[in-house]
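If you're matching positions, the sequence shown starts at 1 in UniProt numbering and goes up one per residue. I have placed the structure first, in the form of structure tokens, so that the comments after it can refer back to it.
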Amino acid sequence: MEDKLAKKKSIRDYVAKIDSKQLKMAAKYHGDSDLPYRDNNKYSKTGVRQPLDNSADLDGADWDAEDNKTASAVRNGTNDDDEDNYYEEVAGSKAAKKEAKLAEYEAGRVPIVDGDFKVEDGHKRLASYQILKNKGLTPHRRKTVRNTRVKHRNKFEKQVKKLSSVKQIVKEQHSGYGGESTGIKTNVARSVKLSQ
């Protein structure tokens, strides 16, 4: 019995180890690993930030005013100019793309023709589509509704579907009798009673 429990425990440990490895691997590799990541909580981190330039390295000299200036710049986060510039550049390019797209759309649009037609003397004004068709205020109708044959065929099919839920309908057989596909149910009677 103890051997079984020990085996079970070792298997559980082994599986847990594999799971933890997989989680570490998943955290290590993700889609945006090649992009610069902007950390929103950069000021809440503890510890001293390392300067980006090498001017504050240990040169053996005493601490002077320039070192103070560099330290305050690091503390205040003013070295993030490159990062901010990159994000501003991306935002600017997005806005430029949007404006170009809008300009292209506006150029491709057909202008709305003004209703005041200038007709030269001796010529007649051209009739519009609306006048030629003379439809008045008739609403838009689907294609199936406009074709009466199709409309009535669809109506019939709808009624047959509705009827099939109440009563068995005759279906065309494509092959020989293959037995009851749904099986024989003893408690179901599908006969139609004739009125006397």
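Think of the CB as a built atom: it goes at the ideal place given N, C-alpha and C, for glycine as much as any other residue.
Any beta carbon of chain D sitting closer than 8 Å to that of E83? The structure shown has no chain D; it contains just one protein chain.
Assuming T144 and N134 are in contact, meaning their beta carbons sit under 8 Å apart, how far apart are those beta carbons, in whole angstroms? As a position in the sequence shown, residue 144 is number 144, starting the count at 1. As a position in the sequence shown, residue 134 is number 134, starting the count at 1. With a beta-carbon spacing of about 24 Å, T144 and N134 fall beyond the 8 Å limit used to define contacts.
Along the chain, where does the alpha helix (DSSP H) containing E172 start, and where does it finish? In the sequence shown, residue 172 corresponds to position 172, counting from 1. From DSSP, E172 is part of no alpha helix (DSSP H); its letter is neither H nor E.
By the DSSP assignment, the alpha helix (DSSP H) with I131 in it spans what residues? The residue given as residue 131 occupies position 131 in the sequence shown. Segment Y129 to K133, the alpha helix (DSSP H) holding I131.
Could you spell out where the alpha helix (DSSP H) holding R75 opens and where it closes? The residue given as residue 75 occupies position 75 in the sequence shown. Per DSSP, R75 belongs to the alpha helix (DSSP H) from A65 to N76.
Taking the straight line between their C-alpha atoms, what separation do you get for A27 and D84? Here residue 27 refers to the residue found at position 27 of the sequence shown. Here residue 84 refers to the residue found at position 84 of the sequence shown. Our two residues, A27 and D84, have alpha carbons roughly 26 Å apart in a direct line.
Could you tell me the distance, in whole angstroms, from the CA atom of E88 to the CA atom of L132? The residue you call residue 88 lines up with position 88 of the sequence shown. The residue you call residue 132 lines up with position 132 of the sequence shown. Distance from the CA atom of E88 to the CA atom of L132, rounded to whole angstroms, is 56 Å.
Return yes when the Cβ of Q173 is within less than 8 Å of the Cβ of R190, no when it is not. The count along the sequence shown starts at 1 and reaches residue 190 at position 190. The count along the sequence shown starts at 1 and reaches residue 173 at position 173. In this structure, R190 sits away from Q173, with a CB-CB distance that is not shorter than 8 Å.
For K158 and K101, the rounded distance between their alpha carbons: Numbered from 1 along the sequence shown, position 101 holds the residue referred to as residue 101. Numbered from 1 along the sequence shown, position 158 holds the residue referred to as residue 158. Answer to the nearest angstrom: the Cα atoms are 47 Å apart.
First and last residue of the uninterrupted alpha helix (DSSP H) at S165: Here residue 165 is taken as the residue at index 165 of the sequence shown, counted from 1. If you look at S165, you'll find it isn't in any alpha helix (DSSP H); DSSP assigns it neither H nor E.
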